[in-house]
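Worksheet for the structure shown next.
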Amino acid sequence: MALVLIKSDERPDPARAGGPQSASGPQDVLPRSFYQRPTLLVAQALLGKTLVHGDLRVRIVETEAYLGPDDLASHAAGWRRTPRNEVMYGPAGHAYVYFIYGMYFCLNVVTEDEGFPTAVLIRAGDPGARGPGVLCRELGLTREHNGLDLTAGGSLRIEAGPPPREKVVEAPRVGVDYAADWAAKPLRFYLDGNPWVSRKLRGRQPDVR
DNA sequence: CATTCGATCGAC
DNA sequence: TCGATCGAATGA
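What follows is the structure, given as structure tokens:
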């Protein structure tokens with residue numbers, strides 16, 4: 640039995656560690672300690688959380704984990720360090736937004752310790768954002784948002800919330816066939832049955848190969 | 001400087 | 001299955 644499907648939110652969630660505040664608002668913003676944990680765990684813990692940009696809000700329903708220098712599908716594979724992926728080497732809780740295929744942007748959240756390049760790609764949001772490119776388009780996210788601190792209480796942030804009721808499904812990542820044995824690893828996670836999860840992935844059996 | 005390719009998407 | 005579309009990465 641794999642060590643996945645951890646109910647990470649059951650453990651001490653810093654955002655809920657009884658502060659003097661209550662109700663909703665900036666105090667629900669996920670703190671850096673949420674992100675500065677194992678990427679695999681953060682990828683699953685983000686499911687069900689609310690991604691906010693200004694007045695726009697979506698529920699995160701699909702993510703992918705990029706595990707670091709050994710991960711051949713990662714932009715930081717082999718410790719590659721370029722202007723583009725620089726924020727992956729920075730502190731957790733910052734946005735890594737990059738331009739892809741000449742027309743889309745993709746949003747990641749940086750995880751783990753500063754200096755170790757890992758991140759989680761946000762792939763879909765409920766409602767209206769089926770796929771990472773569409774998600775950024777719908778939320779108005781571009782290169783301007785690259786590097787922003789998601790924990791600073793600004794217009795771009797992720798808010799806490801209860802664990803999702805849905806079952807968390809694991810599956811291989813998308814578009815990384817070039818990554819040899821890393822392509823088949825179950826590093827994608829999504830909420831079972833959610834209509835906004837990427838199309839190809841929904842109808843299909845998770846572990847087929 | 002030239003060339004290749006991509007953590008995508010939606011139409012066919 | 002394929003074309004759109006162009007910046008980032010790589011190599012000459």
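Position one of the first sequence corresponds to residue 640 (the working numbering), numbered consecutively onward. Just so it is clear, CB atoms sit at the ideal spot from N, CA and C, and this is done for glycine as well.
Asked: Inter-residue Cα distance where the pair is G754 and P730; Found: 7 Å
Asked: 8 Å contact criterion, which A799 and L669 should meet: CB distance rounded; Found: 6 Å
Asked: Residue of M742, G741, Y740, E725 minimising C-alpha distance to A734; Found: E725
Asked: Alpha carbon of P756 to alpha carbon of G779, nearest angstrom; Found: 25 Å
Asked: Opposing strand residues paired with E798 [DSSP bridges]; Found: V668, T689
Asked: Three-state secondary structure assigned by DSSP to G717; Found: helix
Asked: Close-in-space but distant-in-sequence residues of the same chain around T790 (CB under 7 Å, 5 per side omitted); Found: V668, L669, P670, R671, G732
Asked: Near the ligand GTP: Y740 beta-carbon under 7 Å from a heavy atom; Found: As far as ligands go, the structure on display features none, and thus does not contain the ligand GTP.
Asked: For E703 and R812, believed in contact at Cβ under 8 Å, the rounded distance; Found: 5 Å
Asked: Proximity winner among S713, P722, V749, relative to G814 (alpha-carbon distances); Found: S713
Asked: Rounded straight-line distance, which links the Cα of I699 to that of R769; Found: 10 Å
Asked: Residues sharing a beta bridge with T702, DSSP; Found: I761, F828
Asked: Chain-order list of residues whose beta-carbon lies under 7 Å from that of H692 (same chain, five-residue window excluded); Found: L778, G779, L780, S794, L795
Asked: Residues near L760 in its chain [Cβ-Cβ closer than 7 Å; skip 5 each side]; Found: T702, E703, Y705, C745, N747, P771
Asked: Reference V808; option with closest CA among N833, Y728, D694; Found: N833
Asked: Rounded C-alpha distance that separates R723 from T689; Found: 26 Å
Asked: Burial state of A819, where buried means 16 or more other Cβ atoms lie within 10 Å; Found: exposed
Asked: 8 Å Cβ cutoff met for V681 and T750; Found: yes
Asked: Beta-carbon separation (whole angstroms), P766 vs G687, contact threshold 8 Å; Found: Not a contact, Cβ separation roughly 14 Å.
Asked: Burial state of M727, where buried means 16 or more other Cβ atoms lie within 10 Å; Found: buried
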